[in-house]
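Numbering (the working numbering), first residue to last: 80 to 312.
Quick reminder that beta carbons are idealized off the backbone N, C-alpha and C, glycines included.
One structure below.
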């Protein structure tokens, strides 16, 4: 992997998680002032996982077979930027929590697929993914931290501007994505629902190391769910 590609992938990964970190933890600080109750917050932080279960069906069937990964990434982030801007405008206009949560759901339908797309795009453009991917992926963690620091330094943690910052960062990554290395689709043949749902991978559970990894990953998501909703309140 040459230096140019490394820099491109590093910027991509940084922005990918900057976008998420710019609003996901601090959002309750502002949403609470709009009349969001416990049930509303529950939906705010449930729409993402729901979107994560839905999106493999249409992204897996389309993105991996007909379009280059960087183009799909760009389009999704640009749509996401528009939806986050719409959510902010709805907040400013006194929209109901249920209306705002529906927009968040639409946004998550555009954002969650990009988590897998950025990983795919990165690894397909590496000469040695096993050694090179960790150095790229750590930029995502740095992006998350940078977003939290930026929101605090700018005084956005309790105001609507965190959502404008998110929309702006999403637009930047959306445009930048079209300059990423071309990563054409590689899937051939007829795709099945079984493949899209990952059922063919169930055989991996026979591997003890893989099983432990999945169990640990599942368990860590439980305290994470509480952290996202409650940490900033």
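Runs of beta strand (DSSP E) lying entirely within the stretch 179 to 252, each at least 3 residues, in chain order: Annotation: the stretch 179 to 252 contains no complete segment of the beta strand (DSSP E) (minimum length 3 residues).
Return the CA-CA distance between residue 289 and residue 257, expressed in angstroms with no decimal places. As a working note, residue 289 is residue 210 in the chain shown. As a working note, residue 257 is residue 178 in the chain shown. C-alpha separation (whole angstroms): 35 angstroms.
Minimum length 4: unbroken alpha helix (DSSP H) runs contained in the stretch 96 to 135: Complete alpha helix (DSSP H) runs here, min 4: 106 to 110 and 117 to 123.
Which of the three DSSP states, helix, strand or coil, is assigned to residue 63? There is simply no residue 63 to check, as the chain begins at 80 and stops at 312 in what is shown.
Measuring alpha carbon to alpha carbon, tell me which residue in 178, 281, 84 and 165 is nearest residue 119. Working through the chain shown from its first residue, we reach residue 119 at position 40. Of the listed residues, the one whose Cα sits closest to residue 119 is 178.
Do the stretch 107 to 116 and the stretch 166 to 183 touch if we need at least three Cβ pairs shorter than 8 angstroms? Short answer: they touch.
Alpha-carbon spacing of residue 125 relative to residue 82, whole angstroms: By one-based count along the chain shown, residue 125 stands at place 46. By one-based count along the chain shown, residue 82 stands at place 3. C-alpha separation (whole angstroms): 39 angstroms.
Using beta-carbon positions only, say whether residue 96 and residue 223 come within less than 8 angstroms of one another. As a first step, residue 96 must be located in the chain shown, where it is residue number 17. As a first step, residue 223 must be located in the chain shown, where it is residue number 144. For residue 96 and residue 223, yes; Cβs fall inside 8 angstroms.
Three-state secondary structure assigned by DSSP to residue 80: Reading the chain shown from its first residue, position 1 is the one you call residue 80. Assignment of residue 80 by DSSP, reduced to helix, strand and coil, places it in the coil class.
What whole-angstrom Cβ distance do residue 94 and residue 252 have, given they're in contact under 8 angstroms? Here residue 94 refers to the residue found at position 15 of the chain shown. Here residue 252 refers to the residue found at position 173 of the chain shown. Between residue 94 and residue 252 a beta carbon distance of about 4 angstroms is seen, short of the 8 angstroms cut, so the two are scored as contacting.
Local Cβ density within 10 Å of residue 153, reported as buried at 16 or more and exposed below that: Taking the chain shown and counting its residues from 1, one reaches residue 153 at position 74. Flag for residue 153 reads buried.
Is the Cβ-Cβ distance between residue 144 and residue 264 less than 8 angstroms? As a position in the chain shown, residue 144 is number 65, starting the count at 1. As a position in the chain shown, residue 264 is number 185, starting the count at 1. Yes.
Please determine, among 174, 146, 182 and 121, the residue with the shortest C-alpha to C-alpha distance to residue 161. Here residue 161 refers to the residue found at position 82 when the chain shown is read from its first residue. Nearest option by C-alpha distance: 182.
Do residue 151 and residue 255 have their C-beta atoms closer together than 8 angstroms? For the purposes of this step, residue 151 is identified with residue 72 of the chain shown, where counting begins at 1. For the purposes of this step, residue 255 is identified with residue 176 of the chain shown, where counting begins at 1. It is not a contact, given that the beta carbons lie outside the stated cut-off.
Take every Cβ of the stretch 224 to 231, pair it with every Cβ of the stretch 190 to 201, and state whether three or more of those distances are shorter than 8 angstroms. Using a Cβ-Cβ distance cut-off of 8 angstroms, the stretch 224 to 231 and the stretch 190 to 201 are not in contact, since fewer than three pairs of beta carbons, one from each stretch, lie closer than that value.
Just how far apart, CA to CA, sit residue 147 and residue 261? Walking along the chain shown from the start, residue 147 turns up at place 68. Walking along the chain shown from the start, residue 261 turns up at place 182. So the alpha carbons of these two residues sit roughly 7 angstroms apart.
Applying the 10 Å Cβ sphere with the 16-neighbour rule, what's the burial state of residue 281? On the chain shown, position 202 is the one that residue 281 refers to. Its Cβ having fewer than 16 others within 10 Å, residue 281 is exposed.
Boundaries (first-last residue) of the alpha helix (DSSP H) holding residue 146: As a position in the chain shown, residue 146 is number 67, starting the count at 1. Looking at the DSSP string, residue 146 is not in any alpha helix (DSSP H), and its letter there is neither H nor E.
Residue burial classification, residue 192 (beta-carbon count within 10 angstroms, cutoff 16): The sequence position of residue 192 within the chain shown is 113, counting from 1. In the assembly as shown, residue 192 is a buried residue. Its beta-carbon has 16 or more other beta-carbons within 10 Å.
Would you mind stating whether residue 206 and residue 92 have Cβ atoms separated by less than 8 angstroms? On the chain shown, residue 206 is found 127 positions in, with the first residue counted as 1. On the chain shown, residue 92 is found 13 positions in, with the first residue counted as 1. Not in contact: residue 206 and residue 92 (Cβ atoms no closer than 8 angstroms).
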